[in-house]
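Take a look at the structure set out below.
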Amino acid sequence: MATAGQPTPAFATTIEDIGWEQTNPDGTRSATLVGTRGPGETFTYAFFIPAGFWDEPHSHSADAHLVVARGELRLGYGDRLDPDAAQRYPAGSFLYVPAGAVHFDGAAEETVLLGTAVGPWSTDYLAG
Numbered sequence: 001m002a003t004a005g006q007p008t009p010a011f012a013t014t015i016e017d018i019g020w021e022q023t024n025p026d027g028t029r030s031a032t033l034v035g036t037r038g039p040g041e042t043f044t045y046a047f048f049i050p051a052g053f054w055d056e057p058h059s060h061s062a063d064a065h066l067v068v069a070r071g072e073l074r075l076g077y078g079d080r081l082d083p084d085a086a087q088r089y090p091a092g093s094f095l096y097v098p099a100g101a102v103h104f105d106g107a108a109e110e111t112v113l114l115g116t117a118v119g120p121w122s123t124d125y126l127a128g
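Take the sequence shown: its position 33, counting from 1, is numbered 33 in full-length UniProt numbering, and each next residue is one higher.
Structure, rendered in structure tokens:
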């Protein structure tokens with residue numbers, strides 16, 4: 001991976017070969033695939049959602065452009081976690097989630113998202 005201000009070399013990976021950088025206690029995992037998450041920097045990331053996981057309502061500091069690469073994402077908008085209100089997005093779906101949009105998400109099966117955003121990137125949960 002190139003550092004800020006340097007050209008990015010060619011890169012390719014499969015879902016099976018993603019080098020997950022962070023594993024969270026809830027079982028989600030993330031990796032920055034290309035770029036950096038610094039201010040004004042474009043980056044591409046992967047996010048793994050384990051089967052049965054639901055994330056509480058939150059928003060992000062930047063727009064997210066997402067593709068469901070594997071599994072099925074369930075995504076809803078609003079300040080209350082309501083799995084029944086979430087829409088289902090199977091593998092191959094594209095989603096745009098604007099900065100500041102309060103949403104919740106989850107998956108009934110293992111799901112992998114590929115996303116692109118511009119840093120800085122933060123996640124802000126409503127419940128503290």
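Just so you know, even glycine gets a beta-carbon here, dropped at the ideal spot from N, CA and C.
Which partner residues does residue i have in the DSSP bridge list?
i, result
"S59", "D124"
"G35", "F43"
"R70", "V112"
"W54", "G106"
"Q22", "S30"
"Q87", "L75"
"A117", "F43"
"L95", "L66"
"I15", "Answer is none; I15 lacks a bridge partner."
Thinking just about the alpha-carbon of each residue, which of the options is nearest to the one in residue i?
i, options, result
"E16", "V34, T42, A46", "A46"
"A69", "T13, L113, N24", "L113"
"T8", "T111, E41, G27", "E41"
"T23", "F48, R74, T13", "F48"
"G92", "A101, G100, G115, R80", "G115"
"D79", "P25, G35, E56", "E56"
"G76", "L126, I18, A101", "A101"
"L53", "L33, G119, T28, A62", "One detail in the question is off: residue 53 reads as Phe in this sequence, not Leu. The shortest C-alpha separation from F53 is found at T28."
"P83", "A108, D63, T36", "A108"
"L81", "G19, H58, Q6", "H58"
"Y96", "R37, A62, A31", "A62"
"G19", "A31, P98, A10", "A31"
Can you tell me whether residue i is buried or exposed? The criterion is at least 16 other CB atoms within 10 Å of its CB, across all chains shown.
i, result
"A51", "exposed"
"Y89", "buried"
"D124", "exposed"
"D105", "buried"
"A117", "buried"
"W121", "buried"
"A86", "buried"
"A64", "buried"
"G35", "buried"
"T14", "exposed"
Is there contact here, the stretch 26–42 with the stretch 68–88, by at least three beta-carbon pairs under 8 Å?
-> no
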